[in-house]
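Positions -26 to -1, 1 to 224 (mature numbering (1 follows the signal peptide of the UniProt record, and there is no 0)) are the ones given, in order, by the sequence shown.
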Amino acid sequence: MVFKRAITTAAWAVATWIPMTTAAVAQQSDWSYEATIYLFMPETEVTQETARGTVDGTLSFSDALKNLDLAFMGVFGASNGRWSLLADYNYVDVSFSNDTPGPASSGLETSLTTQFFSGYVGYRAYTTDTSYVDLVGGFRWFRTQTDFAVLPGAAPGRSVNVDESWTDPVIGVRARVAFNDRWSGTGFFDYGGFSSDSETWQVLLTADYEINDRWVIRGGYRYISFDHEIDGNDFTFDQSGPLIGATYRF
């Protein structure tokens, strides 16, 4: 049961879509697609500044398996020529508890529901027989519904509630290098927000093994971060950890 819930914690599909000309769009055979399902095994940290100090909840991947309510991750797209379009949706619903330092509180309970959607348009700026580099630009929408319950200790208990959504512009770069007929490496980096009250960035690195023309196995590491000011108080959400996945091309 735990393993099945782990598989449902994440899904990832990566692809690109680009019409070069009207004629190219009409030629359906020139289009290519790929979708990846993956298991992301991150540590999650969420913090919220308040008038009475910062509330900080941390969840390891092993604890997430025990406390997960629902999660989904997926991206879909297609490619044709130098231009590209990528769309990434992520949903996580989890509840967990943390110990707190000192006698003021007997613990912290966190209920966290987050969603984000990233959309990119890319352009293949560099290509060789074994590698390419895409420049990308777009946006990232983020929504959080987070409830912190600081349990009473020497001090009375209290609750902190965050229910907010926002959208940031993002720019980035994606690169791929083929090492031989089977093995390749992919890297993706983006950064957005561009203001003192809103910032987001992401790093994704994978090693990719091509089983055949249709299937690719991937393994790597991902870090994604959100930092946004809500009503004058800083809210942050960070996830980092390894991932494994399988890609289907069609």
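Glycine included, each C-beta is placed from N, C-alpha and C at the ideal position.
Since this is a predicted model, take the numbers as computed values, not measurements.
Cβ-Cβ separation, residue j to residue i (assumed contact under 8 Å), whole Å
i, j, result
"Ser34", "Glu17", "5 Å"
"Arg156", "Glu184", "5 Å"
Sequence-distant residues of its chain with Cβ nearer than 6 Å to residue i (five each side left out)
i, result
"Thr210", "Thr21, Asp201"
"Gln89", "Tyr65, Arg117"
"Gly161", "Ala149, Leu179"
"Gln213", "Pro16, Thr18, Ile198"
"Gly193", "Ala181, Ile218"
"Gly96", "Ser58, Asp108, Val110"
"Arg196", "Leu178, Leu217"
"Gln176", "Asp164, Ile198"
"Ser92", "Asp62, Arg114"
"Asp208", "Glu23"
DSSP state of residue i mapped onto helix, strand, coil
i, result
"Ser34", "coil"
"Asp62", "strand"
"Asp164", "strand"
"Asp67", "strand"
"Asp4", "helix"
"Asp212", "strand"
"Ser53", "strand"
"residue 267", "Shown here, the chain extends from -26 to 224; a query on residue 267 therefore has no answer."
"Asp121", "strand"
"Asn154", "coil"
"Thr10", "strand"
Rounded straight-line distance, which links the Cα of residue j to that of residue i
i, j, result
"Leu83", "Leu217", "Note on residue identity: the sequence assigns Glu, not Leu, to residue 83. One C-alpha to the other measures close to 27 Å."
"Glu8", "Ser36", "30 Å"
"Leu44", "Tyr12", "15 Å"
"Asn186", "Thr87", "38 Å"
"Arg223", "Trp189", "6 Å"
"Trp(-15)", "Val136", "With a pLDDT of 38 at Trp(-15), under the threshold of 50, the predicted position of this residue should be treated as unreliable, though the coordinate-derived value follows. Near 27 Å, if we compare the C-alpha coordinates of Val136 and Trp(-15)."
"Gly27", "Asp205", "15 Å"
"Gly166", "Phe14", "22 Å"
Neighbourhood of residue i by C-beta, 8 Å cutoff - its chain only, sequence neighbours within 5 removed
i, result
"Ser172", "Trp140, Asp142, Asp201, His202, Glu203"
"Asn154", "none"
C-beta contact flag for residue i and residue j at 8 Å
i, j, result
"Ala112", "Tyr94", "In the sequence on display, residue 112 carries Gly and not Ala. Yes, the pair counts as a contact, with Cβ atoms nearer than the cut-off."
"Val107", "Gly146", "no"
"Ala181", "Gly159", "yes"
"Asp103", "Asn54", "no"
"Arg98", "Thr174", "no"
"Leu164", "Val134", "It is worth fixing the name first, because residue 164 is Asp in this sequence and not Leu. Not in contact: Asp164 and Val134 (Cβ atoms no closer than 8 Å)."
"Thr24", "Thr221", "no"
Sequence-distant residues of the same chain with beta carbon closer than 7 Å to residue i, five excluded per side
i, result
"Ala(-3)", "In this prediction, Ala(-3) has a pLDDT of 38, which is less than 50 and means its spatial position is unreliable; nothing more can be read from the coordinates."
"Val151", "Thr104, Ser105, Ser158, Gly159"
"Phe122", "Gln22, Val29, Gly31, Leu82, Thr84, Ser133, Val134"
"Ala(-1)", "Note that Ala(-1) scores a pLDDT of 39, beneath 50, so its modelled location is shaky; the value from the coordinates is reported in the next line. Excluding positions up to five away in sequence, the list is empty."
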